[in-house]
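Number of protein chains: 2
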Amino acid sequence: MSLKKRYLMTPGPTPVPAEILLSMAKPIIHHRTAEFEETVKEARAGLQYIFNTKNEVLLFASSGTGAMESSIVNCFSAGDSVIVARNGKFGDREKQIAETYGLEVIDLEYAWDEVVKTEDIARELAANPAVRGVIVTQSETSTGVLNPIKEIAEVVRAYDETIMIVDSITGIGAVACETDDWGLDVVMTGSQKGLMLPPGLAAVSVSEKAWRAVERSTLPKFYFDWKKYRKSIDKNTTPFTPALTLIQGLNEALKLMQEEGRENLIERHSLLAEATRQGVEALGLKLFAPPEGRGSAVTPVWTPEGIPSGKIVKIMKEDYGVTITNGQDDYKDRIFRIGHLGYFGMFDIITTLTALEMALTKLDYDFEQGVSIKAAESVFLAART
Amino acid sequence: MSLKKRYLMTPGPTPVPAEILLSMAKPIIHHRTAEFEETVKEARAGLQYIFNTKNEVLLFASSGTGAMESSIVNCFSAGDSVIVARNGKFGDREKQIAETYGLEVIDLEYAWDEVVKTEDIARELAANPAVRGVIVTQSETSTGVLNPIKEIAEVVRAYDETIMIVDSITGIGAVACETDDWGLDVVMTGSQKGLMLPPGLAAVSVSEKAWRAVERSTLPKFYFDWKKYRKSIDKNTTPFTPALTLIQGLNEALKLMQEEGRENLIERHSLLAEATRQGVEALGLKLFAPPEGRGSAVTPVWTPEGIPSGKIVKIMKEDYGVTITNGQDDYKDRIFRIGHLGYFGMFDIITTLTALEMALTKLDYDFEQGVSIKAAESVFLAART
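Protein sequence lines, in the order shown, are assigned to chains A and B.
Residue 1745 in our numbering sits at position 297 of the first sequence, with consecutive numbering throughout.
Residue 1821 in our numbering sits at position 373 of the second sequence, with consecutive numbering throughout.
Listed below in structure tokens is the structure:
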């Protein structure tokens, strides 16, 4: 067809609503003004709402990786022991960053289709009481697998000198993340995910326990020095030039998210994920994530036998304008991933399932056309409207 | 679901692509400038491409009804005879306008689900050789019924003093309209239809034969005086303040349409309409338009027995954010209409059919979920990608 609309169904960047785009298109203001202080003040309150926390949430002009690195250099010193529990590409990255700064990593490695086991962390903590931090990815972008953050934090909480660091870059806004209730010391996210913004902004919430760790840290830092950000944010400003328009957009995003409501937001993502899962299973495909680790941000699916997932991704994009992604690293051509975190509604799932059905038809995969839509419709019909 | 994206599936206004919205958001220029003359020049060429004509296409800051009225007051005089062939609400309006200006209307009235019959026009013309004009709606917005403009124009062409006036407001850009090859003297459209713009701009192409009629016309006119517009457009300007940003947007629209190509544009609409028809028929619903009068701009569908169409429209809009329309006048609760002219791709049809399936499920209509998607997929899969 001569007109292909584009549908971005990836776990970041995610589509940006028109309201946010328009708020970022406003004339540039200067950042050392009362007007910008109001903007920062509004962002602080909104972020605390979305992070479920009374902690201060710091904002960086950086990608999510910058936020990850900031948590290592601010909370630890060279030679400190940390547990990195990893079951995907972004867990691997946490380990790399920790090692780059000379931390002793107690490495809990899992297969990508497993969830991190709380008992392993409990065992390692008991055996190594000097461990200063436990680092876990909540929602693995590389696989969509969800780790049991709440349970793990319960274990970590008993250790006064050990902080719980959560990479919730693909989690916040899509899955429950009760920062204060669960006792999460450091939680980070990036703008191009559940916050529905373009990339370029990262946010990190820091608990009092984490601030005590910051006091002990001797690793060198300048741009990512949390203390500078805390001092500035107390005055509703930033230590360095902020990503001005992204923060304007953030406020619009936070307004939309607050209007929708935290619980509704999580419920919506849960429905989108359930409809996607029911849809692909109706096609006879197998879900990659184990039942106990199925998140609402990304749905990873094993490709049918004999069809490299890249072929599905290519047809969906080139013929139908629907962008999903295949796997990463070892899973490159073995899985595909449908992102549905952020500005997505039910018909984005319907569109994706239909494009998937058409791609599978072209690849001679045997199934009954329309069954995935029937399955997704049933999920949506059973939900509140 | 707490986030409802909105889908506008009506036969006008139609969705406006981001490229066009952005072009209309440029800083306002003055209209008595060389810059605006360039804008008009570009619009003239683009409109001639889309109208398939070497005739000048005049632009009015008005709705489509303004263009309809302009064709009456410019081409005729009080007491002139015209044939109005009408099978819907907009045909009715042509008759009202003609009568308002004291024309003698030879009224060919058809049921809304019939097409205008060429032989009736041939007969009336033969019986009334003094008839000055034949007025027909190409694509009836009220019903989606397509009238055989090409055939009718062949008949009218034989009469030197009779012009063929075509309301193609819902036609241009969605169905073939070969202004010069078919010998159409006056063809009009509105901006909020196939041109993918907001409402507020109308365009009328005028043949040499029609200009001769204009010379004879004695009806009073000022704002809609075509001669004023012709004199101005020769200098790439307008007699009165133009709808400046809409003309900027028009040029962007014409660029998109030229990039897509006239033939592709018509083929795309034809596919969207075919998928819609196959989809609703798979649900066991009956098409309103007769087989010989099925256009590509709007698909009208008889509502299932016992379910007023307004109920379907309401659930689709309120529960799923998908706006279609019900019937007009006598058909208000008896049909619903799915618009697909303008900026629509295959997944807009999929979305609409899915929302329709869910609404019908809620209304206890008996069918197998997913069948309409299967039918639509088959249409899209059989087409060139």
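Ideal Cβ placement from N, Cα and C applies to all residues, glycine included.
Predicted, not measured: the structure shown is a model, and the values here were computed from it.
Pick out whichever of the options has its Cα sitting closest to the Cα of residue i.
i: B:I1786; options: B:K1759, B:A1721 and B:F1828; result: B:A1721
i: B:A1830; options: B:K1780, B:E1740, B:I1763 and B:L1719; result: B:L1719
i: B:T1833; options: A:G1818, A:M1806, A:I1821 and A:D1814; result: A:M1806
i: B:V1603; options: B:I1617, B:V1584 and B:G1619; result: B:V1584
i: A:E1562; options: A:A1575, A:G1539, A:Y1549 and A:M1764; result: A:G1539
i: A:P1668; options: A:Y1497, A:N1522 and A:L1495; result: A:N1522
i: B:G1743; options: B:H1717, B:F1795 and B:E1825; result: B:H1717
i: A:G1741; options: A:F1784, A:E1626 and A:V1564; result: A:V1564
i: B:T1513; options: B:I1695, B:P1647, B:E1557 and B:A1658; result: B:P1647
i: B:A1526; options: B:V1579, B:K1474 and B:R1480; result: B:V1579
i: A:E1599; options: A:E1609, A:S1590 and A:Q1586; result: A:Q1586
i: B:A1824; options: A:Q1817, A:S1757, A:G1581 and A:G1775; result: A:Q1817
i: B:M1472; options: B:L1789, B:L1731, B:G1697 and B:P1465; result: B:G1697
i: A:D1814; options: A:S1653, A:Y1497, A:G1550 and A:I1755; result: A:I1755
i: B:V1654; options: B:L1789, B:I1531, B:N1500 and B:P1475; result: B:N1500
i: B:E1588; options: B:A1559, B:I1569, B:I1611 and B:R1605; result: B:A1559
i: A:E1700; options: A:I1760, A:H1478 and A:A1493; result: A:A1493
So what does DSSP say about residue i, is it helix, strand or coil?
i: B:E1504; result: strand
i: B:A1650; result: strand
i: A:L1731; result: coil
i: A:N1595; result: coil
i: B:V1521; result: helix
i: A:T1747; result: strand
i: B:G1460; result: coil
i: A:R1832; result: coil
i: B:G1539; result: helix
i: B:T1685; result: coil
i: B:V1770; result: strand
i: B:R1742; result: strand
i: A:Y1607; result: coil
i: B:Y1455; result: strand
i: B:G1754; result: coil
i: A:G1494; result: helix
i: B:G1621; result: coil
i: B:G1514; result: helix
Taking the beta strand (DSSP E) that residue i belongs to, which residues open and close that run?
i: A:E1557; result: E1552 to E1557
i: B:G1581; result: G1581 to T1585
i: B:R1785; result: I1783 to G1787
i: A:I1797; result: Per DSSP, A:I1797 belongs to no beta strand (DSSP E); it is in the alpha helix (DSSP H), M1794 to K1810.
i: B:D1778; result: B:D1778 -> no beta strand (DSSP E), and no H or E assigned at all.
i: A:R1534; result: S1529 to R1534
i: B:D1615; result: I1611 to D1615
For the alpha helix (DSSP H) containing residue i, list its first residue and its last residue.
i: B:R1664; result: E1656 to R1664
i: A:I1695; result: L1692 to E1708
i: B:D1633; result: Run containing B:D1633: none; DSSP gives neither H nor E here.
i: A:I1468; result: A1466 to M1472
i: B:K1565; result: Looking at the DSSP string, B:K1565 is not in any alpha helix (DSSP H), and its letter there is neither H nor E.
Rounded to the nearest angstrom, what separates residue i and residue j at their Cα positions?
i: B:K1734; j: B:V1749; result: 6 Å
i: B:E1504; j: B:A1737; result: 33 Å
i: A:A1624; j: A:S1616; result: 10 Å
i: B:R1664; j: B:R1710; result: 35 Å
i: A:Q1544; j: A:V1634; result: 18 Å
i: B:Q1706; j: A:T1487; result: 43 Å
i: B:K1822; j: A:Y1671; result: 55 Å
i: B:T1689; j: B:A1651; result: 15 Å
i: A:N1535; j: A:V1593; result: 8 Å
i: B:E1547; j: B:V1553; result: 7 Å
i: B:K1838; j: B:A1509; result: Here chain B comprises residues numbered 1449 to 1833, so residue 1838 of chain B is not present and cannot be evaluated.
i: A:V1746; j: B:M1457; result: 29 Å
i: A:L1645; j: B:D1555; result: 58 Å
i: A:T1724; j: B:I1613; result: 51 Å
i: A:A1691; j: A:T1618; result: 20 Å
i: A:W1659; j: A:S1590; result: 30 Å
Residues in the segment 1686-1718 of chain A with C-beta within 8 Å of chain B's C-beta atoms, listed in sequence order?
-> E1708, G1709, N1712, L1713, E1715 and R1716
Given a limit of 7 Å on CB to CB distance, which residues of the segment 1461-1481 of chain A reach chain B?
-> none
Please list the residues of the segment 1798-1823 of chain B that have a C-beta atom closer than 7 Å to any C-beta atom in chain A, keeping them in chain order.
-> I1798, T1799, T1802, E1805, M1806, T1809, Q1817, G1818, V1819, I1821 and K1822
Taking Cβ-Cβ distances below 8 Å as the criterion, which residues of the segment 1722-1737 of chain B are in contact with chain A?
-> none
Taking any Cβ of chain A, which residues in the segment 1588-1622 of chain B have a Cβ under 9 Å from it, in chain order?
-> none
Mind checking the segment 1542-1576 of chain B against chain A and listing, in chain order, the residues whose C-beta falls within less than 9 Å of any C-beta there?
-> none
May I ask you to list, following chain order, the residues of the segment 1772-1795 of chain A that have a beta carbon less than 9 Å from some beta carbon of chain B?
-> Y1791, F1792, G1793, M1794 and F1795
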